[in-house]
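As structure tokens, the structure follows; a few thoughts come after it.
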Amino acid sequence: MDLENIILEKENRIGKITLNRPDVLNALDGKTYSELGTAIEEVREDNDVRVVIITGAGRAFCTGLDLTYAASMGGMSPLELRGTIRRLQEIFRLERLEKPVIAAVNGYAMGNGCDLALACDFRIASENAKFEMTYVKLGLIPDIGGTYRLARLVGLGKAKELILTGDRIDAKEAERISLVNRVVPANDLESVTMKFAEKLAKGAPVAIGLSKMAINNAIDTNLRAALENEVYAQSLCFQTEDVGEGMMAHLQRREPIFMGK
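Using our numbering, the first residue of the sequence shown is number 5, and each one after it goes up by one.
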């Protein structure tokens, strides 16, 4: 795969996507968005990849939309702009990826960069990480799902505060309000993230993927519909060979070896 602004690595059932524009703090232009979408589709279709990590090269995770690219969007017609934004939104629909996605936030996560972290299932942050919903400072609103995802992570009141003020918060504050799962020393970010990814990669991929879908669907529905989703997902799980392996391993007091079948 010929990518210039994205590095895609796959090893030990883990796919690692690195935004690689450190000279502009991994800001997202049209080419980078396109390559990010390509990398996500690659790991989606690769059955050997069970877990995905997204991170940034250098001292930033992602500082959001490249302002040169943003300026070009200003010249679009309303119809063209709607189409462009919708295409970008589709790239960030990581909830539909039936594999766990971990954001390893190594520095600044601002604007669309913060939205990218929010779209992941887990966020592990370096102690140097900073989070900022920059949009209102530019006369804009979050347009890649930030209003939806941030409110569900930190609550309506805090989400409104962060979006309406555009205030920047540090990693510890992000952890306190449950925006991130954990904060680690900068030198430990890669190893801690990889260890967590390896733990997830050892799990039963069908069960993990269906569990992720059921949890995400439950957020937007009532108990009755959530229970029906669980019935459907569980019936699929019981048809896999991994169920027998999991039960046998439990009885034999050993670690299961799940094959995703």
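Think of the CB as a built atom: it goes at the ideal place given N, C-alpha and C, for glycine as much as any other residue. In this text, all values refer to a predicted model and were calculated from it rather than measured experimentally.
In summary, E136 is buried, with 16 or more beta-carbon neighbours lying within 10 Å of its beta-carbon over all protein chains present.
Approximately 5 Å separates the beta-carbon atoms of D125 and P104; this is inside 8 Å, confirming the contact. Taking C-beta separations shorter than 6 Å and ignoring five residues to either side along the sequence, the partners of N116 in its chain run L32, G68, L69 and I148, following chain order.
For the stretch 26-106, the continuous alpha helix (DSSP H) assignments of 4+ residues that do not extend past its boundaries occur at 34-49, 71-77 and 82-95, in sequence order. Between the beta-carbon of A74 and that of P26 there is about 20 Å, and that puts the pair past the 8 Å contact cut. Taking C-beta atoms under 8 Å as the contact rule, I21 and I10 qualify, at a distance of about 6 Å. By the Cβ test, the stretch 163-174 is not in contact with the stretch 196-208, since fewer than three Cβ pairs between them sit closer than 8 Å.
In this structure, N51 is the residue among L157, K134, N51 and K162 with its C-alpha nearest to the C-alpha of G264.
The C-alpha of M217 is placed about 7 Å away from the C-alpha of R100. DSSP places A208 in no beta strand (DSSP E); its state is neither H nor E. Rounded to the nearest whole angstrom, the CA to CA distance from E179 to V187 is 7 Å.
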